[in-house]
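Undergrad:
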Amino acid sequence: MATKRLDEEEWGRYFDQAAAALRGRKATVEVVAPDIGAQFAAAGLDVVGITYDPKDRLLEIALDGMDHLIRDPQEIYVKETPRGLDVVEATDAGGRKHIIQIAGP
27 MATKRLDEEE WGRYFDQAAA ALRGRKATVE VVAPDIGAQF AAAGLDVVGI TYDPKDRLLE
87 IALDGMDHLI RDPQEIYVKE TPRGLDVVEA TDAGGRKHII QIAGP
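Numbering-wise (the numbering used here), the sequence shown opens with residue 27 and increments by one.
1) Does the Cβ-Cβ distance between A64 and V58 come in under 7 Å?
2) I need the straight-line Cα distance from Q100 to T117, nearest angstrom please.
3) When DSSP labels each residue in this structure, what does R51 get in the three-state scheme?
4) To the nearest angstrom, report how far apart E106 and G91 are at their CA atoms.
5) Quick check: the Cα distance between A47 and T29, rounded to an integer number of angstroms?
6) Can you have a look at F66 and say buried or exposed, based on whether 16 or more other CB atoms are within 10 angstroms of its CB?
Have a look at this one:
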């Protein structure tokens with residue numbers, strides 16, 4: 027399946043709808059930035075949920091044992107397959123890319 031860019035008006039609704047189907051799947055979170063290169067923030071953790079708060083401009087990926095927060099996202103791309111959401115790529119205001127890869131059924 028192709029990667030698609032989400033319009034900002036879609037973010038809250040999209041992630042609210044996707045959250046239930048992600049529970050129990052595993053996620054790997056990688057942050058890529060010129061100053062740090064590619065760094066893994068989490069690997070193989072169970073997804074608890076994902077949500078976007080437009081008031082605080084905060085994308086939250088809740089994982090078992092930690093939350094990964096993306097403040098002030100500038101753009102968000104998603105990749106869906108027949109099993110559902112597989113990749114979220116968000117770029118924050120500092121130009122850092124947050125790549126969340128979701129595995130499992």
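Note that the Cβ used here is the ideal one computed from N, Cα and C, for glycine as well.
TA: The relevant details are as follows:
1) Yes, they are a contact pair.
2) 6 Å
3) coil
4) 25 Å
5) About 19 Å.
6) exposed
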